[in-house]
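Have a look at the structure below, then the notes.
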Ligand SMILES: Nc1ncnc2c1ncn2[C@@H]1O[C@H](COP(=O)(O)OP(=O)(O)O)[C@@H](O)[C@H]1O
Ligand SMILES: [Mg+2]
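Protein chains in written order, with the numbering used here: chain A, 1 to 268; chain B, 1 to 320.
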């Protein structure tokens with residue numbers, strides 16, 4: 001037949017290779033749509049930053065300090081939402097209309113690893129978006145807070161926080177039918193965004209006890225708090241070890257729920 | 001060499017369903033064979049393929065592909081089979097060429113080899129000219145060809161094709177049939193499903209007829225048409241004499257040597273005889289019986305049984 005058929009194949013299938021190839025597929029597709037990706041992740045937080053820190057400041061409604069408090073919160077929000085959306089929206093489509101994921105489900109690796117790959121990609125993209133947000137934020141604000149000693153804490157907390165966002169995305173992506181995508185936005189994303197202590201430090205809610213309790217149930221709160229602890233340690237915050245613990249536990253919880261949902265969708 | 005596919009007492013009941021989609025199915029596919037699963041919609045064909053390709057969890061029973069238990073070792077099995085599903089599942093974020101290359105990457109092919117294989121297969125499936133466009137631009141036939149090319153990228157030993165020609169135009173259908181025979185000549189075992197009788201007869205070395213998740217018959221197309229309904233049919237339009245009726249005529253006709261059974265068709269006196277001899281040798285004896293009873297024969301029509309007769313005979317006429 002053809003020469004490729006005669007030559008013995010050099011294929012060496014393994015779960016590790018399949019995992020890397022699937023991850024590479026997603027990175028490759030992200031790269032092809034890089035500008036779309038950038039707009040997706042950066043636009044909304046950018047406007048939030050601009051209006052709350054710049055416009056309101058110009059009108060005298062907020063102080064200069066507020067801008068430095070808001071930027072870390074916005075970075076936390078961006079990473080969290082990027083991770084969540086990177087997993088949930090494509091998954092909803094790939095499992096239903098397009099069935100695109102099937103070729104990857106048939107790759108020679110355990111099915112749960114395909115879900116783990118989604119989480120890995122989400123963390124990579126979330127970290128990329130966080131890295132992009134700092135300089136853009138600095139440009140918008142004219143300056144950015146910086147605290148070199150907090151760098152390790154910042155990186156660790158962003159990884160953990162992205163993982164939690166990705167886990168929630170995996171759970172949603174495998175539970176929500178495509179007809180309900182807009183419902184996710186309305187009833188899940190919006191409350192998550194505004195009860196996550198991104199626009200205000202949690203300790204500042206002492207006088208609004210009920211809301212403080214509500215926000216304590218949002219994992220994003222702990223990400224915002226620990227990112228502020230790393231970048232602007234002077235602002236009163238929840239102890240970082242508590243934040244990291246809560247993030248780890250909720251990451252594990254949502255990953256477990258998400259992988260169960262994923263297996264249910266992948267195997268009928 | 002062991003069987004290419006072996007299914008034993010396979011049962012699948014989907015959650016919240018009160019009947020089994022696959023209900024105690026058993027069959028064996030030999031290496032190098034083209035095996036057809038023929039059945040009406042909802043018969044359980046796709047579910048069976050789903051179990052064999054590790055996408056559907058079996059409720060009970062065993063299934064092996066290329067000697068590997070698909071339930072116990074799905075990952076190893078996935079290296080040895082490929083599947084082209086009923087609906088397109090191409091990766092629309094990638095070009096056709098990238099669809100092939102990434103598929104090979106998932107299966108551990110190094111870059112140079114996957115690019116070479118992709119180029120060869122695109123050429124073979126007549127897609128080389130449109131290898132770098134958007135997958136969305138592909139027609140149904142092209143998407144189908146691309147999916148088969150993709151399936152061949154990792155050199156499977158067993159290829160599953162779920163309704164490969166449903167919805168294709170005649171040209172694409174013929175092209176598909178040629179390609180499938182091609183694959184067999186390379187030693188690939190092919191399991192295909194279809195609800196098209198002609199296709200099953202044309203393509204398959206052996207055909208299993210399934211309905212309601214059960215295997216009703218399994219043989220070569222020729223064996224099926226011979227075994228179930230005799231070798232041919234003889235249709236007679238007859239007006240019985242006064243005092244006689246169609247049922248009595250059928251009883252008399254069934255006594256003729258070579259007639260295996262008869263049945264009335266419609267209610268205008270037409271009779272269909274299933275015969276085990278060549279139909280034309282029985283026209284004389286049949287007409288002799290009828291004229292001896294003073295019945296008037298107005299039309300005689302003979303034909304060989306087709307897989308369609310067998311299919312209808314086994315699965316009934318009810319609409320699905
Ligand atoms: N995911 C599913 N959940 C529940 N029932 C299903 C599912 N897939 C198929 N079925 C049911 O199982 C039966 C067999 O379906 P299927 O295997 O698709 O048949 P075929 O491919 O022969 O048309 C049908 O009654 C169908 O409704
Ligand atoms: Mg089907």
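Just so you know, even glycine gets a beta-carbon here, dropped at the ideal spot from N, CA and C.
Remember, predicted model here, so these are calculated numbers, not experimental data.
A buried status is given to residue 274/B, since no fewer than 16 other beta-carbon atoms sit within 10 Å of its beta-carbon. Proximity of residue 15/A to chain B, defined by a Cβ-Cβ separation below 8 Å, is satisfied. Here the stretch 169 to 188 of chain B does not lie against the stretch 5 to 25 of chain B, with fewer than 3 beta-carbon pairs under 8 Å apart. With the criterion set as a beta carbon lying under 8 Å from some beta carbon of chain A, the members of the stretch 50 to 61 of chain B are 50, 53, 54, 55, 56 and 57, in sequence order. With a 10 Å radius around the Cβ and a threshold of 16 neighbouring Cβ atoms, residue 72/B comes out exposed. Placement of the Cβ of residue 162/B at a distance of less than 7 Å from at least one heavy atom of ligand 2 is found. By the rule that beta-carbons nearer than 8 Å mark a contact, residue 22/A touches chain B.
DSSP places residue 17/A in no beta strand (DSSP E) but in the uninterrupted alpha helix (DSSP H) bounded by 15 to 32. Contact between residue 140/A and residue 49/A holds: their C-beta atoms lie close to 5 Å from each other, under 8 Å. In the DSSP annotation of this structure, the continuous segment of the beta strand (DSSP E) that includes residue 209/B starts and ends at 206 to 211. Taking CB atoms only, residue 125/B has no neighbour in chain A less than 8 Å away. Put simply, the backbone Cα of residue 120/A is about 13 Å away from that of residue 85/A. Annotation: Cβ neighbours of residue 75/B in chain A (cutoff 8 Å, chain order): 15, 108, 109 and 110. When Cβ pairs closer than 8 Å are counted between the two stretches, the stretch 211 to 231 of chain A is seen to touch the stretch 178 to 197 of chain A, the count reaching three or more. In terms of Cα proximity to residue 246/A, the closest of 110/A, 224/A and 234/A is 224/A. With a threshold of 16 other beta carbon atoms within 10 Å, residue 157/B meets it and is buried. By the Cβ rule, the stretch 154 to 171 of chain A counts as touching the stretch 123 to 132 of chain A, because three or more pairs are nearer than 8 Å. Of all alpha-carbon atoms in 189/B, 166/B, 211/B and 294/B, the one lying nearest the alpha-carbon of residue 196/B is that of 166/B. Of all residues in the stretch 131 to 142 of chain B, none comes within less than 9 Å of chain A when Cβ atoms are compared. Per DSSP, residue 102/A is one residue of the alpha helix (DSSP H) stretching across 102 to 105. Secondary structure at residue 96/A: coil, using DSSP grouped into helix, strand and coil. According to the DSSP secondary-structure assignment, residue 259/B is paired through a beta bridge with 275/B. Contact check for residue 3/B and residue 29/B: beta-carbon distance about 6 Å, within the 8 Å limit, so the pair qualifies. Contact of residue 164/B with chain A by beta-carbon distance below 7 Å is absent, the smallest such distance being about 16 Å. Looking at the DSSP output, residue 147/A shares a beta bridge with no other residue. Here the distance from the Cβ of residue 87/B to the nearest heavy atom of ligand 2 is not below 7 Å. Look at residue 256/A: its C-beta is not under 8 Å from any C-beta on chain B.
In the three-state scheme derived from DSSP, where H, G and I count as helix and E and B as strand, residue 247/B is classed as helix. For a cut-off of 8 Å, the C-beta gap from residue 21/B to residue 47/B is around 4 Å, short enough to register as a contact. With respect to the 8 Å criterion, residue 71/A and residue 145/A are classified as neighbours on the basis of their beta carbons.
Between the C-alpha atoms of residue 141/B and residue 102/A there is a straight-line separation of about 20 Å. For residue 104/A, the chain B residues whose Cβ falls inside 8 Å of its Cβ are 106, in order along the chain. When the alpha-carbon of residue 88/A is set against those of 262/A, 268/A and 9/A, the nearest one is in 262/A. Counting only the Cα atoms, residue 155/A lies some 15 Å from residue 122/A. Distances between the C-beta of residue 20/A and the heavy atoms of ligand 1 are all 7 Å or more. Non-local beta-carbon contacts of residue 85/B in its own chain, meaning distances under 6 Å to residues more than five positions away in sequence, involve 162 in chain order.
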